[in-house]
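Below: the structure, in structure tokens.
Residue numbers (our numbering), protein chains in the order written: chain A, 263 to 605; chain B, 162 to 472.
And the structure:
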């Protein structure tokens, strides 16, 4: 177990700047999720932590020691690939034992460790099988056991759940988080799925175009996004963004509520919307409203309880409001959040 | 409601059985005419007393040709040398092909140049290659001898001295070694391409996983790469073995089986006996002697490849 620190990490491929100056500090035992769309540089960042890529500039420190130019095997970092990368010609037991053999761990100790790791993940009955005869969820557990078996200082996950079925995935999410809570191994979890990042991460680093846009707890990211990119990326549906008085105004769909025309709004944002579509989501409705007062019409989303939604009709106009506490302000040019509230 | 009637004609393309038969036909005719017929003819010839002068297959002699071939002084040499040359070529070619494909699986500057170099022997006309190898290992003008001479390994007072030349094609083991070297040179491109195709189909993740798991270069090579390559190595081995075992061009151009029978190989001996010597029936018997060996190799190799594949 150890801390991880990235200092001004860059990776350039010719004129392409895959990672363009990333600073990151992860505390001991922390579970950090790196979240971003594909091509944002999160995988390259992860590969530099593992030692599979050498940074063009910057430093990687594990447990305070610089490891920037060390090969992967000198780092004691465990990694679980998206494909699980099980060795096809080895049995499950041989797969799990491989990192120990590479470290010349004596036979008896190796056996015991393999048993321990398999027990932790509940895969003892599979030990003699070959990877080709495992289900997706079983493969994932074998990959996890192989990563765990050698007491790594750092765990790296590269989208480990994306090849699982939707049902298995939800279960695997909570199992993975429980495993972390039991072992307390410092973990970097790379994903493009915000549900995984929000539900599992102690903190989340949101990346875009090779840079980190924001690092914070899931709650911070959700309620106080650092810029318009994070605001529009986090949350399903994302934050509503609206241009007002030379600034960008942001608010979450669940805070946009229909109000009686006469209700006085103290500092609240009032909007008159024409309903264009109503989407049934199960627990609530997603109301697509069109704002037609500005220069050009703009779509806004409202998440509405069924008892309120039932009174709304498509193509009718209603007054909506957002309380002041729920409004976020962003600079129009830079997209960065400015201090809350009007001047 | 009016329906548009579309006239659909059932064409030959819709009748899969017939179409399949038609498309298979040329291959079947080709195999029957150029493989099946000569094979049956060879069996017939080997059981008679046919010669070039009298190629009739009416005089049945049973297995007499086979026993006479077995008792020929050249036979033990030809069989031993064929096995030695095939096995040695196989081992050297597969090791080199694995190394080359390992190098070519990585990206480096000027890779295209090395790819062309590696493939070049394959594109070389046989006549040109023959001239090249005859000169390289010539008894008097060999540049290899000259280099050995320059670095003081050959000549009076050196470990391979005192002669100034090694006479590659005139000595038993140097002759066989030369045949192996030329066969390796000739077959390495094909083997490399086969192994490289297998190498690039292994997911890259597995190699990176092994690196992260703490394996060094050699452990990755022997515990990950080679086992994963095994099925394709068997295929490459089969191609190489069949091409070497059945080949007579290399020995015909270089040692011509000499000195004596010391570097004789089965296919060249069959040719010498059957065509040059005019003993059609004995030549056929020698050639047929190779058939069960080739068949067994092909059968075993295919079985191993399937087994490795289905694991």
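The beta-carbon is built from N, C-alpha and C at its ideal position, and this holds for glycine as well.
Next item on the list: Would you decide whether residue 427 of chain B is buried or exposed? Buried here means 16 or more other CB atoms lie within 10 Å of its CB.
Entry: buried
Item checked: Anticipated Cβ contact below 8 Å, residue 288 of chain A with residue 297 of chain A, distance rounded -> Not really, about 14 Å apart at Cβ, beyond 8 Å.
Next item on the list: In the DSSP assignment, find the beta strand (DSSP E) that holds residue 451 of chain A and state where it starts and stops.
Entry: 449-453
Check: Quick one: is residue 314 of chain A near chain B, going by C-beta distance under 9 Å?
Finding: yes
Next item on the list: Would you list, in chain order, the members of the segment 386-404 of chain B that have their beta-carbon closer than 9 Å to a beta-carbon of chain A?
Entry: 388, 389 and 391
Check: Do residue 424 of chain B and residue 333 of chain B have their CB atoms nearer than 9 Å?
Finding: yes
Check: Using the beta-carbon count (16 or more within 10 Å), is residue 361 of chain B buried or exposed?
Finding: exposed
Note to self: Once DSSP output is grouped into helix, strand and coil, what is the label at residue 283 of chain A?
What the structure shows: strand
Margin query: For a contact defined as C-beta to C-beta under 8 Å, what are the partners of residue 347 of chain A on chain B?
Written below: 364, 366, 367, 369 and 370
Notebook entry, point to check: Is it true that the CB of residue 395 of chain B sits closer than 9 Å to the CB of residue 247 of chain B?
Noted result: no
Next item on the list: Apply the 10 Å Cβ neighbour rule to residue 270 of chain A and answer buried if 16 or more other Cβ atoms are within range, or exposed otherwise.
Entry: exposed
Check: For the segment 348-359 of chain B, which residues have a CB atom closer than 9 Å to at least one CB atom of chain A, in sequence order?
Finding: none
Notebook entry, point to check: Got a sec? Which residues, its chain only, sit under 8 Å from residue 385 of chain A by beta carbon, not counting five neighbours each side?
Noted result: 354, 400, 403, 404 and 407
Notebook entry, point to check: Does the beta-carbon distance from residue 418 of chain A to residue 452 of chain A come in below 9 Å?
Noted result: yes
Note to self: Quick check: the Cα distance between residue 546 of chain A and residue 515 of chain A, rounded to an integer number of angstroms?
What the structure shows: 12 Å
Notebook entry, point to check: Would a check of beta-carbon distances place residue 454 of chain A closer than 9 Å to chain B?
Noted result: no
Next item on the list: Go through the segment 394-432 of chain B residue by residue and report every complete run of the alpha helix (DSSP H) that reaches 4 residues or more, in order.
Entry: 410-414 and 427-432
Next item on the list: List the residues of chain B whose Cβ lies closer than 8 Å to the Cβ of residue 343 of chain A, in chain order.
Entry: 366, 369 and 370
Check: Quick one: which chain B residues come within Cβ less than 9 Å of residue 339 of chain A?
Finding: 373
Next item on the list: With 9 Å as the threshold, decide whether the Cβ of residue 266 of chain B is near any Cβ in chain A.
Entry: no
Notebook entry, point to check: What residue does the beta strand (DSSP E) around residue 505 of chain A start on, and which one ends it?
Noted result: 502-506
Item checked: Span separating the alpha-carbon of residue 171 of chain B from that of residue 184 of chain B -> 18 Å
Next item on the list: Could you name the residues of chain B that residue 351 of chain A contacts, counting a contact when the two beta carbons are closer than 8 Å?
Entry: 388, 389, 391 and 472
Check: Do residue 414 of chain A and residue 344 of chain A have their CB atoms nearer than 9 Å?
Finding: no
Next item on the list: Mind checking the segment 283-299 of chain B against chain A and listing, in chain order, the residues whose C-beta falls within less than 8 Å of any C-beta there?
Entry: none
Check: Just checking my contact of residue 326 of chain A with residue 448 of chain A at CB under 8 Å: how many whole Å lie between their CB atoms?
Finding: Contact doesn't hold; Cβ gap of about 13 Å is too wide.
Notebook entry, point to check: Of all the residues that make up the segment 277-293 of chain A, which are near chain B by a beta-carbon distance shorter than 7 Å?
Noted result: none
Check: So, is the C-beta of residue 509 of chain A closer than 9 Å to a C-beta in chain B?
Finding: no
Margin query: Mapping the DSSP letters down to three states, classify residue 541 of chain A as helix, strand or coil.
Written below: strand
Margin query: Within 10 Å of its beta-carbon, does residue 277 of chain A have 16 or more other beta-carbons around it, so buried, or fewer, so exposed?
Written below: exposed
Next item on the list: Would you check if the segment 341-357 of chain B and the segment 261-268 of chain B touch, i.e. whether three or more CB-CB distances between them fall below 8 Å?
Entry: yes
Margin query: At 3 residues or longer, what runs of the beta strand (DSSP E) sit wholly inside the segment 415-442 of chain A?
Written below: 416-420
Checklist line | residue 431 of chain A at chain B interface by Cβ criterion, 9 Å | finding: no
Next item on the list: Identify which residue in A:388, A:479 and A:589 has its Cα closest to the Cα of residue 529 of chain A.
Entry: A:589
Check: Nearest-angstrom Cα distance between residue 318 of chain B and residue 309 of chain B?
Finding: 13 Å
Next item on the list: Check the Cβ of residue 380 of chain B against every Cβ in chain A and list those closer than 7 Å, keeping chain order.
Entry: 364
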